[in-house]
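FYI, the numbering for the sequence shown is 41 to 213, going by my numbering. C-beta: ideal position from N, C-alpha, C; glycine also. No experiment lies behind these values; they were computed from the predicted model shown. Below: the structure, in structure tokens.
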Amino acid sequence: MKKLIVLLFVFLAGCTGVPQGLTVVEDFSLERYLGSWYEIARLDNRFEKELEPVVATYSFAPDGSVKVVNRGFDTKKQEWKTIEGRGLFLDDKVTTKGALKVSFFGPFYASYNVVALDKTGYNWALVCGRDKSYFWILSKNPDMDPALLKELVAKAATLGFDTAKLRYVSTHR
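Following this line, the structure appears as structure tokens:
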């Protein structure tokens, strides 16, 4: 039993963190980050397969954590899907860095790392998980200027993300 608990702890600890070679945004303001974010592009993953458009909405929960509501349209089943979760700073003593963790299933958390951000207006963000296979280009506006998108894709490539595999997501339904 002890072995199982230790293995579970090691597995769960491995689900959070920042990918090697990357840093998260400094001087991060959670208050400014809150609101709805549209997926513009992503590296496809199993939990968002067939979902388009996808909108993530962040707000403060009564306990001080972040309420996370992800909503996407399942193009295969032709229905909307919604899931609610909870977000916390990766290190609760450091609330000025874009390193958070999000849970949709009990005590199981995954990394949410803001690795680039429009610090002027908080209008766009580049976000990744614990490794470079989870990546999103997000926008507070459903329509992103094509020149800006091209610039962000180039930035993502310099950060080491496989931009050739990006899936560009429709933001309108």
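Shortest alpha-carbon distance to residue i belongs to which of the options?
| i | options | result |
| --- | --- | --- |
| G127 | V134, S151, P182 | S151 |
| F129 | T122, G61, E119, K107 | K107 |
| T211 | L178, L188, V109 | L178 |
| Y208 | E92, E66, S76 | E92 |
| L140 | D114, R170, G146, F201 | R170 |
| D114 | D67, D131, E90, A194 | E90 |
| T63 | W120, K205, V167 | V167 |
| E66 | D158, F100, F201 | D158 |
| G125 | D131, D132, Y149, G112 | Y149 |
| S143 | D132, G161, V94, V109 | V109 |
In angstroms, rounded to a whole number, what distance separates the CA positions of residue i and residue j?
| i | j | result |
| --- | --- | --- |
| Q60 | L199 | 11 angstroms |
| L70 | A165 | 13 angstroms |
| K190 | G75 | 24 angstroms |
| Y78 | A96 | 7 angstroms |
| F145 | P102 | 19 angstroms |
| G104 | Y174 | 26 angstroms |
| Q118 | V58 | 35 angstroms |
Buried or exposed for residue i, going by 16 or more other Cβ atoms inside 10 Å?
| i | result |
| --- | --- |
| I80 | buried |
| V134 | exposed |
| G138 | buried |
| R72 | exposed |
| W120 | exposed |
| A156 | buried |
Could you tell me which residues DSSP pairs with residue i in its beta bridges?
| i | result |
| --- | --- |
| L157 | A165 |
| R207 | R82 |
| D114 | L91, E119 |
| G138 | G138 is not bridged to any residue. |
| L128 | K141 |
Does the beta-carbon of residue i, which I'm using as the reference point, lie nearer than 7 angstroms to any heavy atom of the ligand MN?
| i | result |
| --- | --- |
| E66 | Of ligands this structure carries none, so the ligand MN is not represented either. |
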